[in-house]
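Residue numbers (this note's numbering), protein chains in the order written: chain A, -16 to 192; chain R, -16 to 192. Backbone N, C-alpha and C fix where the C-beta goes; we use that ideal spot for every residue, glycine too. To start, the structure itself, in structure tokens.
2 protein chains.
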Amino acid sequence: MLILIYLYDGVTALDAVGPYESLSRLPGVEIRFVGRRAGPVRTGDGFLGLNADTGINDEMEADMLIVPGGRRAGVQRELGEERVLGWMAVLDAVTTRTCSVCTGSLILGAAGLLEGRRASTHWGAREYLSHFNATYSADRVTEDGKYLTSAGVSAGIDLGLRLCAEIAGREVAEAVQLSMEYDPDPPFKAGNFRDATPERLAAVAKLNI
Amino acid sequence: MLILIYLYDGVTALDAVGPYESLSRLPGVEIRFVGRRAGPVRTGDGFLGLNADTGINDEMEADMLIVPGGRRAGVQRELGEERVLGWMAVLDAVTTRTCSVCTGSLILGAAGLLEGRRASTHWGAREYLSHFNATYSADRVTEDGKYLTSAGVSAGIDLGLRLCAEIAGREVAEAVQLSMEYDPDPPFKAGNFRDATPERLAAVAKLNI
């Protein structure tokens, strides 16, 4: 089983690493990080370099594609990259699952893959899915046909474990969860935007994001 | 505020990316990924290349150091790297916090930094802390003096948010949590080793880890 994860300048590292970290633990699964071309990309904050080991021209077949989200400028650049969007559409014709984390769903939308479908995305981008004739779902992970999309950033971990269960069965997925010690205990209960006050939303806008 | 995250061949990506993803969102925080020397490293599974932007010789001051864990072979190599361990001890003399995720605590231990202290680590490595005169703590995040250590892999996310609150206050940390949509909803409840059956532990041993 081959899973491709698309990388680009501006990507959010946890969006890509969250699902990778569980899926990479499954025996028989190969994960390749693919970019517009092979080479380094930087996260949106500029702090971390990740390597795309192959370019999209070299990857025309895969069992699954996962598209992570990123900072606004990075995602907007990808939305205008016809060569990337065309590649995703071609690849999607052969995948069993096409997936996104966070604002990666906007990129899938721009590739024409979410027309008439429900999809998750980062709460801060929820109004944009309609530009691609998709309907925002506030679920942490949304399945619509073969498309599996998640909410923002950390939600990709939950999406990844769900894919693990599909690929290898629930018992193995639970062993993966144990190997990652994924028994989350956030120090605060502030992760859901539906509970956020206007002051909290304003505080998010002041972050380095 | 400068936070260094140490990278090495065999590192577990989520161990490093978990705390980075929250801390990088704090205004005024700079994160540098540092390796034995500047250049690429690979995760233990070989699937992902991460870049160390600087080498240890270039980083003799920082406010915080975070050491992620990794696969057995990678961590064992670091345990014998006197130059790395010496660097950590020198750096530790000036940090306000020295931290680890997962088996990163074994590396801190080998650097002599956890003598007589309680520390967390990956459950699968809990017997090894005693080699460094440290006592295993089953807490998800353990504080002992200025040392903050977490349990395996995904626990670094919780450690990161705790550091965010220390650095920038609880309100800002909660905004960071919201920006990461960290409202975890694991599909299964299998992440705590104290609940694991012998069959489950045997299943972990068969994974690609």
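*asked:* Can you list, in chain order, the residues of its chain with a C-beta nearer than 6 angstroms to that of R/R101? Leave out the 5 residues immediately preceding and following it.
replied: Here residue 101 of chain R refers to the residue found at position 118 of the second sequence. These residues qualify, in order along the chain: T118, S120, T125 and D127.
_With distance defined between alpha-carbon atoms, name the residue in R/T86, R/I90, R/L48 and R/S103 nearest to R/A76._
Stepping through the second sequence from its first residue, residue 76 of chain R is reached at position 93. Looking at the Cα atoms, R/L48 is the closest of the given residues.
*Closer than 9 angstroms by beta-carbon distance: list the chain A residues that pair up with R/A156, in chain order.*
For the purposes of this step, residue 156 of chain R is taken as the residue at position 173 of the second sequence. Within chain A, P170, F171 and A173 have C-beta atoms less than 9 angstroms from the C-beta of R/A156, given in sequence order.
*Kindly list, in the order they appear in chain A, the residues whose Cβ is closer than 9 angstroms to that of R/V232.*
Residue coverage of chain R in this structure runs from -16 to 192, which leaves residue 232 of chain R outside it and unanswerable.
*To the nearest angstrom, how far is it from the Cα of R/A94 to the Cα of R/V84?*
The residue labelled residue 94 of chain R in the question sits at position 111 within the second sequence. The residue labelled residue 84 of chain R in the question sits at position 101 within the second sequence. Straight-line Cα distance between these residues: approximately 15 angstroms.
*First and last residue of the alpha helix (DSSP H) that includes A/D137?*
Counted from its first residue, the first sequence places residue 137 of chain A at position 154. In the sequence as presented, Asp is not what sits at residue 137 of chain A; that position holds Ser. For A/S137, no alpha helix (DSSP H) segment is defined, and its DSSP state is neither H nor E.
*asked:* Between R/P51 and R/I150, how many whole angstroms is the CB-CB distance? I'm expecting something under 8 angstroms.
replied: By 1-based counting over the second sequence, the position of residue 51 of chain R is 68. By 1-based counting over the second sequence, the position of residue 150 of chain R is 167. In this structure, R/P51 and R/I150 do not form a Cβ contact; the two beta carbons are roughly 19 angstroms apart against a cut-off of 8 angstroms.
*Can you list, in chain order, the residues of its chain whose CB lies under 7 angstroms from that of R/V67, leaving out five sequence neighbours each side?*
Your numbering for residue 67 of chain R matches position 84 in the second sequence. Excluding the 5 residues flanking it on each side, R/V67 has same chain C-beta neighbours closer than 7 angstroms at R19, I39 and E61, in chain order.
*How is the alpha helix (DSSP H) around R/V67 delimited, first residue to last?*
Along the second sequence, one-based indexing puts residue 67 of chain R at 84. E65 to D75 is the extent of the alpha helix (DSSP H) around R/V67.
*According to the Cβ coordinates, are R/V73 and A/L(-3) closer than 8 angstroms?*
Taking the second sequence and counting its residues from 1, one reaches residue 73 of chain R at position 90. Taking the first sequence and counting its residues from 1, one reaches residue -3 of chain A at position 14. Contact annotation: R/V73 and A/L(-3) have beta-carbon atoms that are not nearer than 8 angstroms.
*Beta-ladder partner(s) of A/V(-6), from DSSP*: Position 11 of the first sequence, counting from 1, holds the residue named residue -6 of chain A. DSSP lists A/T26 and A/G53 as partners of A/V(-6).
*Limits of the alpha helix (DSSP H) - the one that A/V159 falls within*: What you label residue 159 of chain A is simply residue 176 of the first sequence in a count that begins at 1. If you look at A/V159, you'll find it in the alpha helix (DSSP H) that goes R153 to S162.
*Is it true that the CB of R/N116 sits closer than 8 angstroms to the CB of R/G139?*
Taking the second sequence and counting its residues from 1, one reaches residue 139 of chain R at position 156. Taking the second sequence and counting its residues from 1, one reaches residue 116 of chain R at position 133. Cβ distance not < 8 angstroms, so R/G139 and R/N116 don't count as in contact.
*Ends of the beta strand (DSSP E) at A/I(-12)?*
What you label residue -12 of chain A is simply residue 5 of the first sequence in a count that begins at 1. Unbroken beta strand (DSSP E) run through A/I(-12): L(-15) to Y(-11).
*Closer than 8 angstroms to chain A by CB, R/I14*: What you label residue 14 of chain R is simply residue 31 of the second sequence in a count that begins at 1. At a cut-off of 8 angstroms between beta carbons, R/I14 contacts chain A.
*the stretch 111 to 124 of chain A: which residues have C-beta closer than 7 angstroms to a C-beta of chain R, in chain order?*
Those would be R123, in chain order.
*Have a look at A/E157 and R/E182 and give me their C-alpha separation to the nearest angstrom.*
Position 174 of the first sequence holds residue 157 of chain A. Position 199 of the second sequence holds residue 182 of chain R. Cα to Cα, A/E157 sits roughly 11 angstroms from R/E182.
*asked:* For R/L(-10), which residues in the same chain have their Cβ closer than 6 angstroms to its Cβ, ignoring the five residues on either side in sequence?
replied: One-based indexing of the second sequence puts residue -10 of chain R at position 7. Counting only residues of its own chain and dropping the five nearest sequence neighbours on each side, R/L(-10) has a CB closer than 6 angstroms to the CB of F16, G18, V24, L33 and A35.
*Between R/T81 and R/W70, what straight-line distance do the alpha-carbon atoms span, to the nearest angstrom?*
The residue you call residue 81 of chain R lines up with position 98 of the second sequence. The residue you call residue 70 of chain R lines up with position 87 of the second sequence. Near 13 angstroms, if we compare the C-alpha coordinates of R/W70 and R/T81.
_DSSP three-state assignment for R/Y119, whether helix, strand or coil_ = Locating residue 119 of chain R in the second sequence gives position 136, counting from the first residue. R/Y119: strand per DSSP, three-state reduction.
*Who are A/G32's beta bridge partners in DSSP?*
Position 49 of the first sequence, counted from the first residue, corresponds to residue 32 of chain A. Bridge partners of A/G32: A/R25 and R/N34.
*asked:* Residues of the stretch 18 to 37 of chain A in Cβ contact with chain R at a cutoff of 8 angstroms, in chain order, please.
replied: Within the stretch 18 to 37 of chain A, P23, T26, D28, F30, L31, G32, L33, N34 and D36 place their CB atoms closer than 8 angstroms to a CB of chain R, listed in sequence order.
*Identify every residue that forms a DSSP beta bridge with R/T81.*
Locating residue 81 of chain R in the second sequence gives position 98, where the first residue counts as 1. DSSP lists R/L48 and R/Y130 as the bridge partner or partners of R/T81.
*Output the distance between the C-alpha atoms of A/G87 and R/P169, rounded to the nearest integer angstrom.*
For the purposes of this step, residue 87 of chain A is taken as the residue at position 104 of the first sequence. For the purposes of this step, residue 169 of chain R is taken as the residue at position 186 of the second sequence. Rounded to the nearest whole angstrom, the CA to CA distance from A/G87 to R/P169 is 20 angstroms.
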